[in-house]
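First up is the structure itself, then whatever we jot down about it.
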Amino acid sequence: MTQAPTRPPNAPPTALGDGGPPPAADPLALLNELARVATQDFALRPMLQRITDTLASRLGIELVSLVRVDRASSSFVCEALTSSLPTEVHVGYTRELGSGVVGRVAESGRPLLLDDVGDFAGYVETLGGVVSELCLPITHSGKVVALLNLESPRPAAFHGQLALFSAVAEQVSGAIASARLFDETRRRAFFLEVVSEVSHTALAGGELREVLGRLARYIQERFHLTLAAIVVSNESGSEWEQRAIALRPGLTMPPRKRWPVSAGIVGRAIRTGEPQLVLDTANDPDFFGLDEKITCEYAVPLRFQGRVLGAFNIEGEDRAVMNEENLALFRTIAEQIVGRIELALVNQKLQEANRELEALARRDALTGVANRRQFDEALEAEWRRARRARSPIALAIADVDHFKAYNDACGHQAGDACLQSVAQTLVTVAHRAGDLVARYGGEEFAILLPGLDGEQARALAEAMRRAVEQRALPHPSSPVGKVVTASLGVCSLVPLRGDTASTLVHETDLALYRAKASGRNRVARSGSS
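Add 22 to the 1-based position in the sequence shown for my numbering, that's all there is to it.
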């Protein structure tokens with residue numbers, strides 16, 4: 023409360039008390055002075071206090087107050103007060119609408135001038151010895167938003183001054199409108215600043231956990247919170263886990279990372295799918311926290327495609343941070359967090375799809391073994407490795423004997439099944455790490471055998487030949503025998519300077535040609551191996 027200077031006891035009454043303003047209170051000068059103090063800055067309560075101080079000091083009024091009307095609670099609240107006398111009223115003082123002079127004006131929207139407050143049946147005494155009172159509504163867009171109230175122990179102190187103070191009330195109305203516009207602009211700018219920064223952080227590169235950590239840290243620091251955290255629930259929804267947390271300096275990271283969904287205010291948000299606002303954590307049975315100073319918590323569920331993925335949780339010591347505007351902002355931030363998680367999930371699915379496509383692009387659609395593309399890549403890689411290590415690399419090429427005759431006799435469907443069977447037979451024999459069976463073309467298969475010398479490669483090729491024959495697939499048109507057989511050429515080389523992988527392929531092809539020329543169903547080894 024600001025104390026206005028009091029006049030000496032024997033001083034003559036001011037001109038205001040006699041029915042006219044003193045020379046210092048020339049109406050135009052007074053209004054100019056009020057305009058000046060109102061525009062020093064636009065913070066509402068300090069501005070209102072400067073106005074009451076100016077009116078009290080310039081006009082010698084014992085009590086000047088500005089009161090805000092709160093329709094939501096059907097009450098009025100003192101926002102600024104200057105008094106030179108003891109009073110029950112203080113900044114923040116509140117009373118119900120309709121109570122006393124101020125309450126009556128708040129309801130009626132009409133000024134009330136009392137030369138003697140004893141004439142008003144509903145008078146509520148808050149200042150001892152008051153005789154006269156003037157209360158004027160301050161309107162904005164046709165609604166009473168505030169009240170200017172003047173009280174004095176002098177009789178008829180405000181008689182004849184209704185026009186002057188009506189002009190003052192209009193000026194205060196304009197100042198309040200400007201302050202509200204400024205405040206709305208400031209709050210909107212703050213909202214946009216935070217949303218922009220959160221969006222920028224959310225869309226920045228990096229792993230999801232890293233991005234969520236940066237978001238939590240920004241929010242914790244920007245709102246001076248004790249804690250900001252992002253948690254996710256498991257697939258079954260039975261547990262929630264911290265993915266990102268930012269703490270006020272001095273606090274220690276909690277050792278536990280997982281909790282059942284039945285635990286905590288966070289768990290309650292995940293279970294119910296509704297935001298949970300707690301303004302008195304001490305009396306909430308679900309609350310558990312890192313610091314006994316925490317008074318408030320807000321947990322917002324993170325929803326994606328009808329499922330609750332987790333929650334965005336903030337905790338603090340100052341309940342003022344949980345105002346309606348910030349709560350709306352926190353919900354917007356939660357939506358952006360969901361957007362970032364959604365982006366990560368989409369990217370993950372895209373990567374999985376790409377891997378599947380890549381795998382399909384490297385696999386033979388009919389037999390499921392590697393295709394020619396994968397074989398060529400593997401051959402080049404293994405050739406370079408063998409050259410660096412000066413170690414052998416072997417290759418076998420298998421050809422299904424008289425496959426065209428088999429296809430013609432049994433049909434294409436049976437032919438496809440035959441190739442599938444041969445491919446799987448070769449895989450069961452060439453199963454070392456690094457071995458690769460690939461469909462080389464038509465009825466031919468290439469088998470890459472890193473690290474095997476010529477004799478080892480020949481022995482493995484012979485094992486493959488026997489395995490195909492022992493599969494005992496009937497072949498009604500084979501001059502070699504009654505079952506499907508295969509001929510194999512094999513070669514092993516230690517790459518030398520100037521050699522290329524095509525040398526190995528060429529030598530193996532020559533060996534295969536000799537195996538087929540020698541009667542088929544046999545293995546021929548290259549003379550170079």
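Ideal placement from N, C-alpha and C gives every residue a C-beta, glycine not left out.
Enumerated in chain order, which unbroken segments of the beta strand (DSSP E) with a length of 3 residues or greater are wholly contained in the region 364-416? none
Between the Cα of Ser121 and the Cα atoms of Gly541, Leu134, Tyr145, which residue gives the shortest distance? Numbered from its first residue, the sequence shown carries residue 121 at position 99. It is Tyr145.
Assuming Leu169 and Val127 make a contact with CB atoms under 8 Å, what is their CB distance in whole Å? Taking the sequence shown and counting its residues from 1, the one referred to as residue 169 is at position 147. Taking the sequence shown and counting its residues from 1, the one referred to as residue 127 is at position 105. So it is a contact: roughly 6 Å between Cβ atoms.
Are Glu118 and Ser96 close, meaning C-beta to C-beta below 8 Å? In the sequence shown, residue 118 corresponds to position 96, counting from 1. In the sequence shown, residue 96 corresponds to position 74, counting from 1. Yes, the pair counts as a contact, with Cβ atoms nearer than the cut-off.
Give the list of continuous beta strand (DSSP E) stretches no shorter than 3 residues that lie fully inside the region 252-294. 261-269, 280-282
Of all the options Pro501, Val506, Val512, His453, which has the alpha carbon lying nearest to the alpha carbon of Ala479? Translated into the one-based positions of the sequence shown, residue 479 becomes position 457. Cα-wise, what sits closest to Ala479 is Val512.
Can you find the residues in the same chain that come closer than 7 Å, C-beta to C-beta, to Glu402, ignoring five residues on each side of it along the sequence? Taking the first residue of the sequence shown as 1, we reach residue 402 at position 380. Counting only Cβ-Cβ distances below 7 Å, and skipping sequence neighbours, we find Ala523.
Is there contact between the region 98-107 and the region 70-89, where contact requires at least three CB pairs shorter than 8 Å? yes
Can you grab the Cα-Cα spacing for the pair Leu388 / Ala400, in whole Å? On the sequence shown, position 366 is the one that residue 388 refers to. On the sequence shown, position 378 is the one that residue 400 refers to. Approximately 20 Å between the Cα atoms of the pair.
Closest to Val444 by CA distance: which of Asp421, Arg72, Glu364, Trp262 is it? By 1-based counting over the sequence shown, the position of residue 444 is 422. Cα-wise, what sits closest to Val444 is Asp421.
For Ser540, collect the residues of the same chain with a Cβ closer than 8 Å to its Cβ; drop the 5 residues on either side in sequence, then sort them by chain order. Taking the sequence shown and counting its residues from 1, one reaches residue 540 at position 518. Ala546, listed in sequence order.
Quick check: what's the CA-CA separation for Ala537 versus Ala452? Along the sequence shown, read from residue 1 onward, the residue named residue 537 stands at position 515. Along the sequence shown, read from residue 1 onward, the residue named residue 452 stands at position 430. Rounded to the nearest angstrom, the two C-alpha atoms are 20 Å apart.
Which word fits Asn369, buried or exposed, when buried means at least 16 other C-beta atoms lie within 10 angstroms of its C-beta? The sequence position of residue 369 within the sequence shown is 347, counting from 1. Exposed, since its Cβ has fewer than 16 Cβ neighbours within 10 Å.
Quick check on DSSP: helix, strand or coil for Val502? As a first step, residue 502 is located in the sequence shown; it is residue number 480 there, counting from the start. Three-state result, Val502: coil.
Mapping the DSSP letters down to three states, classify Gly541 as helix, strand or coil. One-based indexing of the sequence shown puts residue 541 at position 519. Coil, per DSSP.
How many Å lie between Ala291 and Leu382 at the Cα? Walking along the sequence shown from the start, residue 291 turns up at place 269. Walking along the sequence shown from the start, residue 382 turns up at place 360. Computed Cα separation, rounded: 43 Å.
For Gly140, count the other beta carbons within 10 Å of its own beta carbon; 16 or more makes it buried, fewer makes it exposed. Which is it? Numbered from 1 along the sequence shown, position 118 holds the residue referred to as residue 140. Gly140 is exposed by the Cβ-count criterion.
Classify Arg487 as buried or exposed, calling it buried when 16 or more other Cβ atoms lie within 10 Å of its own Cβ. By 1-based counting over the sequence shown, the position of residue 487 is 465. When all chains shown are included, Arg487 counts as buried.
Do three or more CB pairs link the region 490-500 to the region 465-473 at distances below 8 Å? no
Through-space distance from Arg270 to Ala304, alpha-carbon basis: Within the sequence shown, numbered from 1, the residue matching residue 304 stands at position 282. Within the sequence shown, numbered from 1, the residue matching residue 270 stands at position 248. Taking the straight line from one Cα to the other gives about 20 Å.
Going by C-alpha distance, which of Glu155, Ala197, Ser174, Glu147 is nearest His162? Position 140 of the sequence shown holds residue 162. When only C-alpha atoms are compared, the closest one is Ala197.
Near Tyr462, which residues of its chain fall below 8 Å by C-beta distance, leaving aside the five closest residues on each side in sequence? Here residue 462 refers to the residue found at position 440 of the sequence shown. Excluding residues within five positions, the ones whose Cβ falls inside 8 Å are Arg394, Phe397, Ile419, Ala468.
Residue range of the beta strand (DSSP E) that includes Lys165: Stepping through the sequence shown from its first residue, residue 165 is reached at position 143. Looking at the DSSP string, the run of the beta strand (DSSP E) that includes Lys165 is 165-174.
Does the region 181-200 come close enough to the region 216-227 that 3 or more CB-CB pairs lie under 8 Å? no
Going by the CB atoms, is the gap between Val343 and Phe212 shorter than 8 Å? For the purposes of this step, residue 212 is taken as the residue at position 190 of the sequence shown. For the purposes of this step, residue 343 is taken as the residue at position 321 of the sequence shown. In this structure, Val343 does not lie closer than 8 Å to Phe212 by Cβ.
Please identify the residue among Leu532, Leu214, Val516, Thr294 whose C-alpha is closest to the C-alpha of Arg409. Taking the first residue of the sequence shown as 1, we reach residue 409 at position 387. Arg409 has its Cα closest to that of Val516, out of Leu532, Leu214, Val516, Thr294.
For Arg412, which residues in the same chain have their Cβ closer than 7 Å to its Cβ, ignoring the five residues on either side in sequence? Residue mapping note: residue 412 aligns to position 390 of the sequence shown, counting from 1. Taken in chain order, the residues that qualify are Val516.
Between which two residues does the beta strand (DSSP E) holding Phe425 run? For the purposes of this step, residue 425 is taken as residue 403 along the sequence shown, with counting starting at 1. It is not in any beta strand (DSSP E) - Phe425 instead sits in the alpha helix (DSSP H) that spans 425-432.
Collapsed DSSP secondary structure at Ala546 in the structure displayed: Position 524 of the sequence shown, counted from the first residue, corresponds to residue 546. In this structure, Ala546 counts as strand in the three-state DSSP scheme.
Quick one: grab the DSSP three-state call for Gln446. In the sequence shown, residue 446 corresponds to position 424, counting from 1. Gln446 falls in the helix class under three-state DSSP.
Length of the line joining the Cα atoms of Leu458 and Gly549: Counting from 1 along the sequence shown, the entry for residue 458 is found at position 436. Counting from 1 along the sequence shown, the entry for residue 549 is found at position 527. So the alpha carbons of these two residues sit roughly 23 Å apart.
Is Ala46 helix, strand or coil when you go by DSSP? As a first step, residue 46 is located in the sequence shown; it is residue number 24 there, counting from the start. The predicted model places Ala46 with a pLDDT of 43, which falls under 50 and marks its position as unreliable; any figure quoted below should be read in that light. Correct three-state label for Ala46: helix.
Go through the region 76-114 residue by residue and report every complete run of the beta strand (DSSP E) that reaches 3 residues or more, in order. 85-92, 97-105
With distances taken between CB atoms, is the gap from Pro282 to Glu261 smaller than 8 Å? For the purposes of this step, residue 282 is taken as the residue at position 260 of the sequence shown. For the purposes of this step, residue 261 is taken as the residue at position 239 of the sequence shown. Yes, the pair counts as a contact, with Cβ atoms nearer than the cut-off.
Leaving out the 5 sequence neighbours to the left and right, which residues in its chain are closer than 6 Å to Pro297 when beta-carbon positions are compared? In the sequence shown, residue 297 corresponds to position 275, counting from 1. Here the set comprises Val322.
Return the residue from the list Asn256, Leu234, Asp423, Leu273 that minimises the CA-CA distance to Thr248. The count along the sequence shown starts at 1 and reaches residue 248 at position 226. Closest by alpha carbon: Leu273.
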